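Residue numbers (the numbering used here): 251 to 656.
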């Protein structure tokens with residue numbers, strides 16, 4: 251029996267009237283973030299609806315167990331990337347299984363000509379079919395990549411089908427999804443809460459249980475930085491990219507630029523964003539900075555700043571990328587293919603810019619060790635030989651002002 255959702259915070263009928271009008275016009279309750287617009291042309295992200303918790307407390311409906319839970323993710327999605335990073339750093343690869351969806355959105359109900367919803371789909375390992383974007387342009391895109399998977403639970407064709415199997419009423423079919431295979435329901439689709447669960451609830455099964463990504467003495471600092479980094483950077487890039495009026499864009503880009511500079515200032519004085527220890531707040535920030543130059547500067551018009559032009563932020567990103575397991579969670583090809591090819595309204599022909607090879611920059615030696623580190627040192631995954639080859643580049647960068655901008 252498929253369980254019904256235990257808790258909703260944003261049922262479809264509670265959505266803003268501007269969004270409801272747009273959805274009713276398509277004869278479908280399905281929506282994407284592109285539908286979440288305010289009357290003033292500004293992007294208004296609606297909160298995730300599935301907000302249950304995995305807990306060690308006696309009587310918990312979702313207790314931590316090895317092999318019970320499954321993550322549906324996309325390499326492209328920054329919110330899903332948070333969960334992949336946390337799973338890797340904590341050493342939960344053998345505890346929580348994953349399915350990686352395809353990067354380019356497709357029609358999720360192609361048999362209904364009146365249903366215009368586009369979203370995440372699973373790999374099709376047997377079709378051999380090549381695809382275009384949902385407007386019929388771009389590509390050709392393969393039906394599968396080696397690192398992407400078919401749905402192992404329902405054999406669903408799209409993430410939308412997974413939500414429909416558990417009687418979802420919200421209509422926004424996002425990743426990540428933390429799924430309970432035992433009770434056949436979604437636990438959570440809120441990334442900020444999923445990474446907290448992965449950090450704290452599975453230590454008895456983790457290979458790195460001594461790594462605490464939310465230490466009690468840094469929680470106030472973490473909440474403080476998260477409170478302005480999320481609206482102005484993590485979500486701020488979307489507020490810039492999805493804005494439909496110049497006024498809305500101007501407000502968003504001003505706030506993003508100020509937040510970028512504030513992050514840079516903080517990280518010029520300390521190793522990590524909340525203090526001297528790597529935390530969940532750094533994971534949240536890194537997922538945005540990783541995509542900034544390759545995608546957001548071009549696609550979302552965030553070109554007032556560049557991570558590559560900031561020695562502070564570039565070396566900060568290098569230090570995180572080089573932590574054990576992190577590089578394996580990064581697939582820049584799928585990141586770019588998703589953004590530039592999934593929204594024909596923004597990029598009709600799905601042309602993917604070549605870009606500056608930002609991931610290549612992250613493989614070079616960083617200079618963050620001198621700022622110190624907290625309780626546990628995460629050793630670099632970059633070899634000594636690679637570090638030696640890139641040492642001259644790093645030395646040159648160190649001489650550049652830490653406040654250099656585009």
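For every residue, glycine included, the Cβ atom is placed at its ideal position computed from N, Cα and C. These numbers come from a predicted model, not from an experiment.
Query raised in the report: Alpha carbon to alpha carbon, how far is residue 580 from residue 311?
Result: To locate residue 580, count along the chain shown from 1; it is residue 330. To locate residue 311, count along the chain shown from 1; it is residue 61. Cα to Cα, the separation comes out at about 33 Å.
Report task. Given a cut-off of 8 Å, decide if residue 356 and residue 381 are closer than it, judged by their beta-carbon atoms. Result -> On the chain shown, position 131 is the one that residue 381 refers to. On the chain shown, position 106 is the one that residue 356 refers to. In this structure, residue 356 lies closer than 8 Å to residue 381 by Cβ.
Query raised in the report: Taking the C-alpha atoms as reference points, what is the distance between residue 547 and residue 413?
Result: Here residue 547 refers to the residue found at position 297 of the chain shown. Here residue 413 refers to the residue found at position 163 of the chain shown. Spanning the two alpha carbons is a distance of roughly 32 Å.
Query raised in the report: CB residue 437 to CB residue 423, shorter than 8 Å?
Result: Within the chain shown, residue 437 is the residue found at index 187, counting from 1. Within the chain shown, residue 423 is the residue found at index 173, counting from 1. Judged by their CB atoms, residue 437 and residue 423 are not nearer to each other than the 8 Å cut-off.
Query raised in the report: Going by beta carbon distance, what residues of the same chain come within less than 7 Å of residue 609, once the five residues before and after it are set aside?
Result: Working through the chain shown from its first residue, we reach residue 609 at position 359. Excluding sequence positions up to five before and after residue 609, its CB lies within less than 7 Å of the CB of 580, 582, all in the same chain and listed in chain order.
Query raised in the report: Nearest CA to the CA of residue 574: which residue from 386, 305, 339?
Result: Indexing the chain shown from 1 puts residue 574 at position 324. Checked all of 386, 305, 339; the closest Cα to residue 574 is 339.
Query - Alpha-carbon to alpha-carbon, residue 601 and residue 328 - result: Taking the first residue of the chain shown as position 1, residue 328 is located at position 78. Taking the first residue of the chain shown as position 1, residue 601 is located at position 351. Their backbone Cα atoms lie some 21 Å apart in a straight line.
Query raised in the report: Buried or exposed: which applies to residue 586, given that a residue is buried once 16 or more other Cβ atoms fall within 10 Å of its Cβ?
Result: To locate residue 586, count along the chain shown from 1; it is residue 336. With 16 or more other Cβ atoms within 10 Å, it is buried.
Query raised in the report: Excluding five sequence neighbours on each side, which residues of the same chain lie with their C-beta closer than 7 Å to the C-beta of residue 612?
Result: Taking the chain shown and counting its residues from 1, one reaches residue 612 at position 362. Result list for residue 612: 567, 568, 571, in chain order.
**Report entry** C-alpha distance - residue 607 paired with residue 443, whole-angstrom precision
**Finding:** Residue numbering aside, residue 607 sits at position 357 when the chain shown is read from its first letter. Residue numbering aside, residue 443 sits at position 193 when the chain shown is read from its first letter. Taking the Cα positions, residue 607 is about 32 Å away from residue 443.
Report task. Kindly indicate which three-state DSSP category residue 332 falls into: helix, strand or coil? Result -> Translated into positions along the chain shown, residue 332 becomes position 82. Three-state DSSP puts residue 332 in a helix.
Query raised in the report: What is the rounded straight-line gap between the Cα of residue 314 and the Cα of residue 476?
Result: Residue mapping note: residue 314 aligns to position 64 of the chain shown, counting from 1. Residue mapping note: residue 476 aligns to position 226 of the chain shown, counting from 1. Spanning the two alpha carbons is a distance of roughly 26 Å.
Query raised in the report: DSSP puts residue 369 in a beta bridge; with which residues?
Result: Here the question's residue 369 lines up with position 119 in the chain shown. Paired residue(s): 356.
Requested in this report: Identify which residue in 392, 616, 418 has its Cα closest to the Cα of residue 374.
Outcome: Locating residue 374 in the chain shown gives position 124, counting from the first residue. The residue with the shortest Cα to Cα distance from residue 374 is 392.
Query raised in the report: Would you report the Cα separation of residue 291 and residue 500, rounded to the nearest angstrom?
Result: Mapped onto the chain shown, residue 291 falls at position 41. Mapped onto the chain shown, residue 500 falls at position 250. Rounded to whole angstroms, the gap between the alpha carbons of residue 291 and residue 500 is 11 Å.
Requested in this report: Might you give, ordered along the chain, the residues of its own chain that have their beta carbon closer than 6 Å to the beta carbon of residue 383, omitting 5 neighbours on each side?
Outcome: In the chain shown, counting from the first residue as 1, residue 383 sits at position 133. Excluding residues within five positions, the ones whose Cβ falls inside 6 Å are 591, 594, 600.
Query raised in the report: What does a CB cutoff of less than 7 Å around residue 538 pick up in its chain, not counting 5 residues either side in sequence?
Result: Your numbering for residue 538 matches position 288 in the chain shown. So the qualifying residues of the chain are 328, 483, 484, 487.
Requested in this report: Evaluate residue 614 with the Cβ neighbour count: other Cβ atoms within 10 Å of its Cβ, from every protein chain shown; 16 or more gives buried, anything less gives exposed.
Outcome: Working through the chain shown from its first residue, we reach residue 614 at position 364. With a 10 Å radius around the Cβ and a threshold of 16 neighbouring Cβ atoms, residue 614 comes out buried.
Query - residue 271, DSSP secondary structure in three states - result: On the chain shown, position 21 is the one that residue 271 refers to. The predicted position of residue 271 is uncertain, since its pLDDT is 38 and thus under 50; no value can be drawn from it.
Query raised in the report: Should residue 670 and residue 589 be called a contact, given that it needs their Cβ atoms to be closer than 8 Å?
Result: Outside the modelled stretch of the chain, which goes from 251 to 656, sits residue 670, for which no answer is possible.
**Report entry** Separation of residue 495 from residue 341, as counted between CA atoms
**Finding:** The residue you call residue 341 lines up with position 91 of the chain shown. The residue you call residue 495 lines up with position 245 of the chain shown. Looking at the two C-alpha atoms, the distance is approximately 45 Å.
Report task. Classify residue 559 as buried or exposed, calling it buried when 16 or more other Cβ atoms lie within 10 Å of its own Cβ. Result -> The residue you call residue 559 lines up with position 309 of the chain shown. That one is exposed.
Query raised in the report: So residue 467 packs on residue 459, CB below 8 Å; how close in whole Å?
Result: Reading the chain shown from its first residue, position 217 is the one you call residue 467. Reading the chain shown from its first residue, position 209 is the one you call residue 459. Contact between residue 467 and residue 459 is ruled out by a C-beta separation of about 19 Å, above the 8 Å threshold.
Report task. Can you have a look at residue 616 and say buried or exposed, based on whether 16 or more other CB atoms are within 10 angstroms of its CB? Result -> One-based indexing of the chain shown puts residue 616 at position 366. Looking at its Cβ environment, which holds 16 or more other Cβ atoms inside 10 Å, residue 616 is buried.
Report task. Under the assumption that residue 323 contacts residue 425 (Cβ atoms under 8 Å), give the Cβ distance between them as a whole number of angstroms. Result -> Residue mapping note: residue 323 aligns to position 73 of the chain shown, counting from 1. Residue mapping note: residue 425 aligns to position 175 of the chain shown, counting from 1. Between residue 323 and residue 425 the beta-carbon gap is near 5 Å, inside 8 Å, which marks them as a contact.
Query - Proximity below 8 Å, CB of residue 433 to CB of residue 332 - result: For the purposes of this step, residue 433 is taken as the residue at position 183 of the chain shown. For the purposes of this step, residue 332 is taken as the residue at position 82 of the chain shown. No.
Query raised in the report: According to DSSP, is residue 606 helix, strand or coil?
Result: Here residue 606 is taken as the residue at index 356 of the chain shown, counted from 1. DSSP, read as helix, strand or coil, puts residue 606 in coil.
Requested in this report: Starting from the C-beta of residue 456, find all residues in its chain whose C-beta is less than 8 Å away, skip the five residues before and the five after it, and write them out in chain order.
Outcome: If you number the chain shown from 1, residue 456 lands on position 206. Listed in chain order, the non-local C-beta contacts of residue 456 below 8 Å within the same chain comprise 340, 341, 342, 345, local neighbours out to five positions each way being set aside.
**Report entry** Classification of residue 553 by the beta-carbon crowding that lies within 10 angstroms, buried from 16 upward
**Finding:** For the purposes of this step, residue 553 is identified with residue 303 of the chain shown, where counting begins at 1. Under a 10 Å Cβ-count criterion, residue 553 is classified as exposed, with fewer than 16 other Cβ atoms of the shown protein chains found around its own Cβ.
**Report entry** Burial state of residue 261, where buried means 16 or more other Cβ atoms lie within 10 Å
**Finding:** Walking along the chain shown from the start, residue 261 turns up at place 11. Residue placement at residue 261 is poorly supported in this model, since its pLDDT is 39, which falls under 50; the coordinates are not used for a value here.
**Report entry** Reduced DSSP secondary structure (H/G/I, E/B, other) of residue 309
**Finding:** Within the chain shown, the letter at position 59 stands for residue 309. Looking at residue 309 - three-state DSSP - the assignment turns out to be coil, as it is neither helix nor strand.
Query raised in the report: In terms of residue numbering, what span does the beta strand (DSSP E) encompassing residue 436 cover?
Result: As a first step, residue 436 must be located in the chain shown, where it is residue number 186. In the DSSP annotation of this structure, the continuous segment of the beta strand (DSSP E) that includes residue 436 starts and ends at 435-438.
Report task. Indicate whether residue 514 and residue 563 have their beta-carbon atoms separated by less than 8 Å. Result -> Here the question's residue 514 lines up with position 264 in the chain shown. Here the question's residue 563 lines up with position 313 in the chain shown. The Cβ-Cβ distance between residue 514 and residue 563 falls below 8 Å.
**Report entry** Range covered by the beta strand (DSSP E) that runs through residue 349
**Finding:** For the purposes of this step, residue 349 is taken as residue 99 along the chain shown, with counting starting at 1. Its beta strand (DSSP E) spans residues 347-350.
Query raised in the report: Is residue 349 closer than 8 Å to residue 418 when the C-beta atoms are compared?
Result: To locate residue 418, count along the chain shown from 1; it is residue 168. To locate residue 349, count along the chain shown from 1; it is residue 99. Contact: no.
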